[in-house]
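2 protein chains.
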Amino acid sequence: METLEAIRKRCSLKNQLSGKEINPELIETILGAARLAPSARNTQPWRFVVVQGKDTIKKLTETAFFGPAVVVGDAPVIIFVCARPDDDVTVEEKEYYLFDLGLAVENMLLAATDLGLATHLVASFNEAEVKRLLNIPEDVRVVIATPLAYPPGASYDEAAEEKLSQRSRKDMREIAYFNKWGEQAAE
Amino acid sequence: METLEAIRKRCSLKNQLSGKEINPELIETILGAARLAPSARNTQPWRFVVVQGKDTIKKLTETAFFGPAVVVGDAPVIIFVCARPDDDVTVEEKEYYLFDLGLAVENMLLAATDLGLATHLVASFNEAEVKRLLNIPEDVRVVIATPLAYPPGASYDEAAEEKLSQRSRKDMREIAYFNKWGEQAAE
């Protein structure tokens, strides 16, 4: 899939997760995409815990995820994205491990979209419980999770169509300024 | 360009910035890609200040950027990526505005790569001075900047070849675990 098309078609498909198995090579491609992201001073703070066991996924949905996030339990794979804040730089209270994890995760989401897999970023989990279930060390933060699943329909495009048609984004003039804050580009 | 190819070819081309003008439509495509990133509760905290004026870029390199980051002054465009932390969620000290900005910025970098433009994430600037020069409000944080430029050579691929051949990333086994922290996938 073309890059700009993947960027356009990536969306959160939380109710479109089939239990169909995912080939380990695809998971490796997706993690490999995340691995190539840039990071401050090339610190590469990202760590991924790929959960595939049905029992662990069941426990996670029973005790760690909450609210609408429990739907991730329908997926055959959940990826948790973690980091030690001290592995990256902090500048005037801006903790760049969070920014750098964002860079890597977007690569992951786009690679998944390119491969026809549904994703859905979720932060609605009890972090302490996730860490307990997955043996994650004390000083590591769990920042985000995403299920990885084939959509139940015939194709990604079919599954994403409704969601994409309802997509809501701020107007470009609200988010992009030119030369000074608040100024628009010359017409 | 194919998505996985753009992810593979994106690299920091800090010494490959020509002054050649960039069509405003390309800048819009790049900002439009950033705009489509996901964010916590769809808060879309990202704000972009696109600096194109030669005088402002000169001032920025003289007084705001420091160290090797001053090379950004060679580019015809510098994009500053900003946010109000309060526009996004904070969960147990994890400030998701930083994570969400990372998601949007990776889209931006990949769209630029797809269009044959060089980028280079830079955090080595005096934030107060950037805010003063660009009229950025007190409560807004400036998180990252990137120049946007055509490479001086014939093509992006030519410009990136050396950099990509020297790329260094942690081994997959250092960053990806399966089912529990520290565990590897079954062979």
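Residue numbers (my numbering), protein chains in the order written: chain A, 15 to 201; chain B, 15 to 201. No residue lacks a Cβ here, since even glycine has one placed at the ideal position from N, Cα and C. Since the model is a prediction, treat every value here as computed from it, not as a measurement.
- Just so you know, the alpha carbons of A/Leu162 and B/Lys184 end up roughly 23 Å apart.
- Residues of chain B whose Cβ lies closer than 7 Å to the Cβ of A/Gly130 do not exist; the shortest such Cβ separation is about 12 Å.
- Closer than 7 Å to the CB of B/Ile93 there is not a single CB belonging to chain A.
- By the beta-carbon neighbour count (other beta carbons within 10 angstroms, threshold 16), A/Asn121 is buried.
- For A/Leu115, same chain residues with a beta-carbon under 8 Å away, outside a window of 5 residues either side, are Pro59, Trp60, Val95, Ala97, Val157, Ile158 in chain order.
- Close partners of A/Ser26 in chain B (Cβ separation under 8 Å): Pro52.
- For B/Tyr191, the closest Cβ of chain A is nearer than 7 Å.
- Residue environment for B/Phe139: buried (at least 16 other C-beta atoms within 10 angstroms of its C-beta).
- Not flagged as an interface residue toward chain B: A/Gly87, since no C-beta distance is shorter than 7 Å.
- In this structure, DSSP gives A/Thr127 a helical state, which the three-state scheme calls helix.
- In the DSSP assignment, the residues bridged to A/Glu16 are B/Glu16.
- For the 7 Å CB-CB criterion, A/Arg24 and A/Leu123 form a contact.
- For B/Leu40, the enclosing alpha helix (DSSP H) has its first and last residue at 38-49.
- Looking at the DSSP output, A/Lys108 shares a beta bridge with A/Val105.
- DSSP places A/Val144 in the uninterrupted alpha helix (DSSP H) bounded by 141-148.
- By the Cβ test, the region 69-78 of chain B is not in contact with the region 35-53 of chain A, since fewer than three Cβ pairs between them sit closer than 8 Å.
- Chain B has a Cβ within less than 7 Å of the Cβ of A/Lys184.
- Each of A/Arg187, A/Lys108, A/Ala174, A/Leu117 was checked against the Cα of A/Thr133, and the nearest Cα belongs to A/Ala174.
- Under the DSSP assignment, A/Arg181 falls outside any beta strand (DSSP E); it carries neither an H nor an E label.
- In this structure, A/Thr17 sits near B/Asp128, with a CB-CB distance shorter than 7 Å.
- CA-to-CA, the gap between B/Val103 and B/Phe113 works out to about 10 Å.
- For the options B/Ile189, B/Pro166, B/Trp195, the alpha carbon positioned closest to that of A/Ile150 is the one of B/Trp195.
- Under the 7 Å criterion on CB atoms, A/Gly116 is classed as interfacial with respect to chain B.
- In the three-state scheme derived from DSSP, where H, G and I count as helix and E and B as strand, A/Phe62 is classed as strand.
- In this structure A/Ser32 is not in contact with A/Tyr170, their Cβ atoms being roughly 12 Å apart against a cut-off of 8 Å.
- Just so you know, the alpha carbons of A/Val65 and B/Ala48 end up roughly 29 Å apart.
- If you draw a straight line from the Cα of A/Ala168 to the Cα of A/Gln30, it is about 11 Å long.
- Taking the CA atoms as reference points, B/Met186 sits about 12 Å from A/Ile44.
- If you draw a straight line from the Cα of A/Asn37 to the Cα of B/Pro82, it comes to about 43 Å.
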